[in-house]
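A short worksheet on the structure shown next.
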Amino acid sequence: MELLEKFHKETLRSIQSFSKRTAIPAIYLLLGVLPVEGEIHRKKLTLLHAILACDNSKLKEILKRQISVNSKNPKSFFHQSILLLQQYNLPNILDSSIKLPSKVVWKKILRSTINKYWTYELQETAKSKSSLSLLNTTILEIGIVHPVWEFASQSLLDVQKSMIKARMLTGTYLVQADKYKFSQYKINATCLLCHREDEDLTHVLTFCPALRETRMKYFLPLKVLVTNIIGCKGWEQLFNINQNIVATFCLIFQFSTICKTSVKPEE
Numbered sequence: 003m004e005l006l007e008k009f010h011k012e013t014l015r016s017i018q019s020f021s022k023r024t025a026i027p028a029i030y031l032l033l034g035v036l037p038v039e040g041e042i043h044r045k046k047l048t049l050l051h052a053i054l055a056c057d058n059s060k061l062k063e064i065l066k067r068q069i070s071v072n073s074k075n076p077k078s079f080f081h082q083s084i085l086l087l088q089q090y091n092l093p094n095i096l097d098s099s100i101k102l103p104s105k106v107v108w109k110k111i112l113r114s115t116i117n118k119y120w121t122y123e124l125q126e127t128a129k130s131k132s133s134l135s136l137l138n139t140t141i142l143e144i145g146i147v148h149p150v151w152e153f154a155s156q157s158l159l160d161v162q163k164s165m166i167k168a169r170m171l172t173g174t175y176l177v178q179a180d181k182y183k184f185s186q187y188k189i190n191a192t193c194l195l196c197h198r199e200d201e202d203l204t205h206v207l208t209f210c211p212a213l214r215e216t217r218m219k220y221f222l223p224l225k226v227l228v229t230n231i232i233g234c235k236g237w238e239q240l241f242n243i244n245q246n247i248v249a250t251f252c253l254i255f256q257f258s259t260i261c262k263t264s265v266k267p268e269e
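Add 2 to a position in the sequence shown, counting from 1, and you land on the number used in the numbering used here.
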């Protein structure tokens with residue numbers, strides 16, 4: 003199981019061009035993909051339904067015997083199935099007094115219930131990750147691709163833009179300030195484009211003069227949109243701190259296709 007989970011995570015990281023330091027919840031939630039454990043649980047419970055729904059008399063005899071003999075054996079398929087039904091708060095279809103749902107209905111129940119379970123688990127874990135502070139966890143859901151990937155076209159440039167936005171949202175976009183720390187202070191933290199101050203995410207999105215022309219294409223429409231809602235005074239009070247502007251840009255990455263930001267690629 004561990005090897006399978008490791009392979010699965012590495013594959014999802016590779017697809018999204020994430021580094022190993024990317025928080026695990028983001029790896030799954032941005033693509034809306036179940037962890038391997040959840041997939042195996044779904045397959046097991048699907049198989050359980052198939053066995054129970056089978057009309058073969060000999061198989062039914064074996065089924066009754068196995069349930070009566072091995073229902074408390076930790077290694078038994080049926081014991082594990084009972085635990086899974088309890089874990090996901092699903093009806094105990096092993097109970098003969100409960101009407102067995104159809105195959106289609108059962109699959110829908112499993113998909114919905116297991117997706118909701120893992121969405122909650124991963125969202126809760128994401129809340130404790132400081133690197134995901136700019137990622138809006140309320141719209142992250144298993145079974146739904148995050149807008150940063152959903153709205154990316156097949157063009158190489160568009161994919162590269164989405165990669166950069168995804169790294170910004172997950173706190174793994176590499177700027178000079180990060181290289182300065184990772185190199186044990188051997189690499190200069192100063193921005194290589196403007197040479198005016200240390201390059202962090204706030205500098206890239208709000209200050210760097212070299213990126214001003216690109217930034218203003220999106221900043222001005224954003225300002226108009228916000229001031230129409232909260233007024234000029236509200237804008238001055240709320241956005242006199244650059245960090246609030248950064249948070250707003252990252253919010254747009256997650257809800258709209260309007261802001262296809264042309265941020266400079268990492269060195």
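Positions of the beta carbon are idealized from the N, C-alpha and C atoms, including for glycine.
Judged by DSSP in its simplified three-state form, Glu4 adopts helix.
For Ala128, the enclosing alpha helix (DSSP H) begins and ends at 105-129.
DSSP, read as helix, strand or coil, puts Thr208 in helix.
When Leu195, Phe79, Lys62 are compared, the shortest CA-CA separation from Leu213 is found for Leu195.
Look at the beta carbons and you see the segment 3-11 touching the segment 31-43: at least three pairs across the two are nearer than 8 angstroms. Your pair Asp160 and Ala154 checks out as a contact, with CB atoms roughly 5 angstroms apart and the cut at 8 angstroms. Comparing C-alpha distances from Thr139 to each of Arg15, Ala25, Leu14 shows the shortest one belongs to Ala25.
For the pair Ala249 and Ala128, the CB atoms are not nearer than the 8 angstroms cut-off. Beta-bridge analysis with DSSP links Ile146 to Glu143. Per the Cβ contact rule, the segment 117-127 is not in contact with the segment 98-105 (fewer than 3 Cβ pairs under 8 angstroms).
Cβ-Cβ distances below 8 angstroms link Lys46 to Phe79, Gln82, Ser83, Leu86 in the same chain, with the five nearest sequence neighbours on each side left out; the list follows chain order. Taking Met165 as the centre and dropping the five residues before and after it, the same chain places the C-beta of Ser19 closer than 6 angstroms to its C-beta, in chain order.
Put simply, the backbone Cα of Leu65 is about 52 angstroms away from that of Met170. Counting along the chain, Phe221 sits inside the alpha helix (DSSP H) bounded by residues 214-240. In this structure Ile17 is exposed. Its beta-carbon is surrounded by fewer than 16 other beta-carbon atoms within 10 angstroms. In the DSSP secondary-structure assignment, Thr250 is not bridged to any residue.
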